[in-house]
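Numbering (the working numbering), first residue to last: 1 to 326.
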């Protein structure tokens, strides 16, 4: 909710309090003014206190709603970041296939008889990533619907919250994760389909399920990327120096050396460095998503408390926004 909506909301509360105040005064006008003037002052104090309490509770409720809106926006951005990360991971898989083939070609002892060995060994992993990417798209839709649900300008039904929550939960049936993951998915599906649920609690549990799905993949991806980098380094090192065109290498290596062998080795080092930068960037992206899910769950949990800590809520929202929007 933006400042304009907040100001309008506060104005409405003020007007309501004024109407209550004037109504009570008019109702007891004759009695108060003619017979018991002292009661008039006491009644004024009571009315002002009641109106103040009403305004205070209304503002607290509005502040809580704003926190939830920020949560929904950050949750949506995190889901989107997860979707993009799966695309980056699939791109890395495809790149690995071509890198491996390139090294095999350059290190083969008989180039004239070499046969291409490109295969679809990674296709199954890529397909799984596409399925998980589709699941996180549904999580993104769920947070988008939750955002609309929190907007007072939209009717509950227009947000399609129940349907999007159920779809985001049901798609998790197709993934196997150790522990009681399947049971947790089934329980949450039943709660949502029943129609009687607390939106904040369901969003919290759904986020936990997706965090577990992501974490399982993240651990595998770190191992994969480290091994990929190691194999690439070893492969580049095996390429014979005489295969390189020294005249072209000189144009690609910005170093003040004449020795062709040194320039070729520096070029190899440059290739390895470029690969390291790519791998580190991808690993950093994976870690950002993992960290964001931890913050999102902490934030959800804090908002679900009976007496939430506003300082913690603000800190979680600020940290989340800094990561998912970068």
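Note that CB positions come from ideal geometry on N, CA and C, so glycine has one too.
By the 16-neighbour rule on beta-carbons within 10 angstroms, residue 180 is exposed. Apart from the 5 residues on each side of it in sequence, residue 271 sits with its Cβ closer than 8 Å to the Cβ of 236 in its chain, given in chain order. The alpha carbon of residue 199 has as its nearest neighbour, out of 177, 79, 319, 301, the alpha carbon of 301. Between the C-alpha atoms of residue 308 and residue 294 there is a straight-line separation of about 18 Å. Judged by DSSP in its simplified three-state form, residue 77 adopts helix.
In this structure, the beta-carbon distance from residue 172 to residue 129 does not fall below 9 Å. Of the candidates 104, 123, 190, the residue whose Cα lies closest to the Cα of residue 115 is 104. A Cβ-Cβ separation of about 6 Å places residue 71 in contact with residue 303 under the 8 Å criterion. Cβ neighbours of residue 132 within its own chain (closer than 8 Å, five residues either side excluded): 86, 175, 213, 217. Around the C-beta of residue 264, 16 or more other C-beta atoms lie within 10 Å, and the residue is accordingly described as buried.
Contact annotation: residue 324 and residue 288 have beta-carbon atoms nearer than 9 Å. Per the Cβ contact rule, the region 273-292 is not in contact with the region 190-210 (fewer than 3 Cβ pairs under 8 Å).
Across the structure, residue 197 and residue 320 are spaced so that their CA atoms are roughly 26 Å apart. For a cut-off of 8 Å, the C-beta gap from residue 99 to residue 232 is around 6 Å, short enough to register as a contact. Closest in C-alpha terms to residue 206, from the list 242, 247, 162, 239, comes 162. Spatial neighbours of residue 137 in its own chain (CB-CB distance under 7 Å, excluding positions within 5 residues in sequence) are listed in chain order as 83. In its own chain, leaving out the 5 sequence neighbours on each side, no residue places its CB closer than 6 Å to the CB of residue 251.
Taking C-alpha positions only, residue 151 is separated from residue 64 by approximately 13 Å.
Buried is the label assigned to residue 185, since at least 16 other Cβ atoms lie within 10 Å of its Cβ. Residue 197 carries a coil assignment under DSSP once its states are collapsed to helix, strand and coil. Nearest to residue 326 by C-alpha distance, out of 296, 261, 226, 292, is 292. By a beta-carbon distance limit of 8 Å, residue 147 does not contact residue 317. Their separation comes to about 14 Å. Contact check for residue 139 and residue 296: beta-carbon distance about 11 Å, past the 8 Å limit, so the pair fails to qualify. The C-alpha of residue 243 is placed about 8 Å away from the C-alpha of residue 106. In the displayed model, residue 111 falls within a helix according to three-state DSSP. A distance below 9 Å separates the beta carbons of residue 165 and residue 142. Beta-carbon to beta-carbon, residue 145 and residue 123 are separated by about 33 Å, too far to satisfy the 8 Å threshold. Considering only 273, 241, 276, 68, the residue with the shortest C-alpha distance to residue 259 is 241. Taking 8 Å as the upper bound for CB-CB distance, residue 222 and residue 286 are in contact here, some 7 Å apart. Residue 108 has its alpha-carbon roughly 21 Å from the corresponding atom of residue 261. Straight-line measurement puts the Cα of residue 187 at about 58 Å from the Cα of residue 266.
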